[in-house]
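Position one of the sequence shown corresponds to residue 10 (my numbering), numbered consecutively onward.
For every residue, glycine included, the Cβ atom is placed at its ideal position computed from N, Cα and C.
Reading through the structure tokens given below for one structure.
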Amino acid sequence: MQLQGDPAIAVVTGGGGDLGRATALRFAAGGIAVALLDTSLDAARRTLAEIEANGGRGLALAVDVTRAETLAAAIDTVESALGKVTILVSSAGIEGAVEPIGTYPEDTFDRVMAVNVKGVFLAMQAVLPRMIARGGGSVVNVASTSAIRGRGGLAGYVASKHAVLGLTKVAALDVGGSGVRVNAVLPGPIAGRMIESIERRSEGGVRRANPAALARPEDIASTIAFLASPEARHVNGAAFVVDGGSTLI
């Protein structure tokens, strides 16, 4: 069953990462062509190979989401090769340093904000005017439960995810009535590279995640797929927490 119209074309930033890969595979299983944007072309191509091995269709592109001209050119390429973009999922993100705020490196803070916040902002700028002109589309921004709580030692990451949630709310208001929707998903810790990196570098500032409480990337991808689908046609500006209840503690 297709998730959004016919034809449906999805762009997934961070398409070579754990969550981006799971999301792309979920879309492809629903008959959606997927463009995978990632700083690592090799990683994007590995995801594409899995999609194609299962009979899906897609495209892999090396893209720096912090550069407006690069993103705009990528969307042009996607639409020439696959068709008009109907879904955007911004899942590109980095964790940055694990340091107390008093010693958190300024250059690292700037880089985290550039990738995690500016990247989301620029991706929406590249796609939303096209969707609005066509009268429909869905954007899902990947934030985090760090958008609604603090985490010691992760100044850059937590600040960036709060900002992603704010951008999502603004964009949802800006597109209101156009047929386009903008929502956010707020995952808790996900099994994979990022949580392993944070825990490896943590010295007590970040509470160690209980492996039993970690989400699989596929758990989050299912929620993203719902938000991108016509079944969520009345959902706009929402923040879906997917964390197994960890923020309740």
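Alpha carbon of residue i to alpha carbon of residue j, nearest angstrom
i, j, result
"glycine 65", "alanine 90", "14 Å"
"arginine 217", "alanine 142", "Any reading at arginine 217 must be qualified, since the residue scores a pLDDT of 47, below 50, and its modelled position is unreliable; no value is offered."
"threonine 75", "leucine 131", "7 Å"
"asparagine 150", "glycine 161", "23 Å"
"glutamate 61", "glycine 67", "7 Å"
"glycine 214", "isoleucine 103", "Residue confidence is low: glycine 214 scores 44 on pLDDT, short of 50, so the model does not pin down where it sits. Its coordinate-derived value is still stated next. Roughly 18 Å between the two C-alpha positions."
"valine 20", "glycine 111", "38 Å"
"glycine 159", "valine 126", "17 Å"
"leucine 50", "glycine 25", "8 Å"
"glutamate 240", "serine 147", "12 Å"
"aspartate 119", "valine 129", "15 Å"
"alanine 247", "arginine 54", "32 Å"
"tyrosine 166", "threonine 79", "24 Å"
"alanine 71", "threonine 22", "10 Å"
"alanine 42", "lysine 170", "28 Å"
"aspartate 73", "isoleucine 18", "20 Å"
Span of the alpha helix (DSSP H) around residue i
i, result
"alanine 106", "That residue, alanine 106, is in no alpha helix (DSSP H); it is neither H nor E in DSSP."
"valine 167", "164-183"
"valine 72", "It is not in any alpha helix (DSSP H) - valine 72 carries neither H nor E in the DSSP assignment."
"isoleucine 157", "Where isoleucine 157 is concerned, there is no enclosing alpha helix (DSSP H), given that its DSSP letter is neither H nor E."
"arginine 225", "Taken as a continuous stretch (DSSP letters only), arginine 225 belongs to no alpha helix (DSSP H), as it is neither H nor E."
"leucine 91", "It is not in any alpha helix (DSSP H) - leucine 91 carries neither H nor E in the DSSP assignment."
"alanine 52", "50-62"
In DSSP terms, what residue i is bridged to
i, result
"isoleucine 96", "Ala19 and Ser147"
"valine 189", "Gly146"
"glycine 67", "Val43"
"phenylalanine 36", "According to DSSP, phenylalanine 36 bridges with nothing at all."
"proline 196", "Val251"
Beta-carbon proximity check, residue i vs residue j, cutoff 8 Å
i, j, result
"leucine 137", "valine 179", "no"
"aspartate 252", "threonine 95", "no"
"arginine 35", "alanine 172", "no"
"alanine 7", "valine 98", "Since the first residue of the chain shown is 10 and the last is 258, residue 7 is not available in this structure."
"proline 305", "leucine 223", "For residue 305 there is no data in the structure shown, the boundaries of the chain being 10 and 258."
"leucine 28", "alanine 230", "yes"
Cβ-heavy atom distance, residue i to the ligand COA, below 7 Å
i, result
"glycine 254", "Looking at this structure, you won't find the ligand COA or any other ligand, since it has none at all."
Residue span of the beta strand (DSSP E) that contains residue i, given as start and end
i, result
"valine 251", "248-251"
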